[in-house]
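Asker: Just so you know, the sequence shown maps onto residues 541 to 701 in this note's numbering. All C-beta atoms, glycine included, are put in the ideal place defined by N, C-alpha and C. Here it is, the structure, as structure tokens.
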Amino acid sequence: MLPKVYVETSVVSYLTAWPSTDVRVLAKQAATKEWWATSRERFELFASGLVVDEASEGDKEAAEERLDVLATIALLDGNSEVDDMAVALLSCKAVPTVAADDATHIAIATVHQMDYLVTWNFRHINNATKISDIEAVCRSLGYQCPRICTPEHLKESSDET
């Protein structure tokens, strides 16, 4: 059985965006494209209706490209358990109230027992100062939080040095 990965919106955005003139953003785009091309087959990929909604926003042509990618990924549903976890993440301040959608991404990935949540969102999801709080909320509700990481962390490693 392949490890299950929840693909958050930022990953799809970096995958399909025009090359950036910002070298840091360009590096994230390159890492995302490399992971998609060389390593994604080692995982079972999932997204959600929330990812589709977010990917639908903005420039129509860019949104179509994002949605084309998402058409190849199974979608997870929200439910009352997801809602309860998102509320808990917000009320415990593991995720700020201004980032309710980010709490929902974490909740969807957790409730659906994903092994990984892959994201470039360092502000509210993949934030080293908040991950322990996020994990504690998940545990308090009887769930194990997926490992939150970037596409770079999921690339196939080489044993060559």
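Identify whether V635 lies in helix, strand or coil by the three-state DSSP scheme.
Answerer: Coil, per DSSP.
Asker: Please report how far the alpha carbon of T644 lies from the alpha carbon of H693, in whole angstroms.
Answerer: The straight-line gap from Cα to Cα measures roughly 22 angstroms.
Asker: What residue from A676, L681, H664, L657 has the CA that sits closest to T690's CA?
Answerer: Of the candidates A676, L681, H664, L657, the one whose C-alpha sits nearest the C-alpha of T690 is L657.
Asker: Could you tell me the distance, in whole angstroms, from the CA atom of L590 to the CA atom of V627?
Answerer: Answer to the nearest angstrom: the Cα atoms are 16 angstroms apart.
Asker: Using only CA atoms, which one of P636, T637, Q653, T561 lies nearest to L681?
Answerer: Nearest C-alpha to L681: Q653.
Asker: Could you check if S620 is buried or exposed, using at least 16 other CB atoms within 10 Å of its CB as the buried criterion?
Answerer: So S620 counts as exposed.
Asker: Who are the Cβ neighbours of I648 in its own chain at under 6 angstroms, not counting the five residues just before and after it?
Answerer: Hits under 6 angstroms: S588, L616, V622.
Asker: Who does V545 pair with in a DSSP beta bridge?
Answerer: Bridge partners of V545: L585, Y656.
Asker: What's the C-alpha gap between S631 and C685?
Answerer: If I take the Cα positions, the gap works out to 17 angstroms.
Asker: Between I665 and E548, how many whole angstroms is the CB-CB distance? I'm expecting something under 8 angstroms.
Answerer: Right, the Cβ-Cβ distance comes to about 7 angstroms (below 8 angstroms), so this counts as a contact.
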